[in-house]
Amino acid sequence: MATIRYTVPGLERGDAEQVVALLQNRLHALNDLQLTLKHVHWNVVGPNFIAVHEMLDPQVDSVRGMVDDVAERIATLGGSPDGTPGALVRDRTWDDYSIGRDEAIAHLGALDLVYTGVITDHRTQIEKLETLDPVTQDMLIAQSGELEQFQWFVRAHLESSDGSLRSADSGTEADAADAAR
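Counting from 32, one number per residue, gives the positions in the sequence shown under our numbering.
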């Protein structure tokens, strides 16, 4: 990461560098999420195809907006957002989405785990930003609320009448996809 030469008023450069690093990770996660959602959109099949296919496009659009917001916040803080595919693959700490062409319910089981990972990481960063940068914290809080709603849309397909999730105890996307079937 390049040294930050300036930042917003009231934020020390060292703090801005920490926030930029944190946001770069979120940029990668959100870029990965929007690509994963589009991958599912293209590869979902079965009786619930159209419902899931059409549910995902607004999520993709919204997450793409989040990507832009995060990248622009990095730039506002004096950093340089790195949104290249190579940087994402090099820097991410999670595995690539593992489900190809499959039934809607299988993808939804796997997507539930994807959303859990992104939301959990967002919440961790929100805590770190409490005293570091409340403006960036506010942005991630708003994004988390929207991501949680998208996960609820996914989970509604996986939930039984007693409120349990078919894929609740799954540790991998493949396990979640199998449990959701």
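Backbone N, C-alpha and C define an ideal beta-carbon position, used for all residues, glycine too.
The model shown is predicted, which means the values in this text are computed figures rather than measured ones.
Expected contact under 8 Å - CB spacing of residue i and residue j to nearest Å
i, j, result
"H72", "V91", "7 Å"
"T38", "L108", "5 Å"
"I35", "G110", "6 Å"
Sub-8 Å separation of residue i and residue j beta-carbons
i, j, result
"P112", "Q55", "yes"
"D169", "V50", "no"
"S198", "A187", "no"
"D133", "A208", "yes"
"A102", "L58", "yes"
"L189", "D126", "no"
Where residue i falls, given that 16 or more other Cβ within 10 Å makes a residue buried
i, result
"E204", "buried"
"D63", "buried"
"A47", "buried"
"F80", "exposed"
"G140", "buried"
"V185", "buried"
"A137", "buried"
"S201", "buried"
Residues near residue i in its chain [Cβ-Cβ closer than 6 Å; skip 5 each side]
i, result
"V83", "V75, A135"
"T124", "none"
"Q65", "V91, V94, R95"
Any non-hydrogen atom of the ligand FAD closer than 7 Å to residue i Cβ
i, result
"Q180", "No copy of the ligand FAD occurs in the structure displayed, which carries no ligand at all."
Own chain, CB closer than 8 Å to residue i, minus 5 neighbours either side, in chain order
i, result
"V145", "L64, T67, Y128, E204"
"I150", "S175, L178, E179, Q182"
"H70", "Y128"
"I172", "I157"
"R154", "S175"
"D206", "S198"
"L42", "V50, L108, D164"
"I22", "The structure shown does not extend to residue 22, since the chain is modelled only from 32 to 212, so the question has no answer here."
"L196", "D143, R186, L189, E190"
"T147", "Q182"
"A118", "H59"
Chain-order list of residues whose beta-carbon lies under 7 Å from that of residue i (same chain, five-residue window excluded)
i, result
"R104", "L54, T167, M170"
"A60", "V149, D152"
"R44", "I35, T38"
"D100", "M170"
"K159", "L53"
Min CB distance residue i to chain B below 8 Å
i, result
"T67", "Among the chains of the structure shown, chain B does not appear; only one protein chain is present."
Length-filtered (4 minimum) alpha helix (DSSP H) runs lying within the region 63-149: For the region 63-149, the full-length alpha helix (DSSP H) segments reaching 4 residues or more read 80-107, 116-122 along the chain.
Kindly provide the ranges of any alpha helix (DSSP H) runs that are 4 or more residues long and lie completely inside the region 150-206, ordered along the chain. Listed in chain order, they are 165-189.
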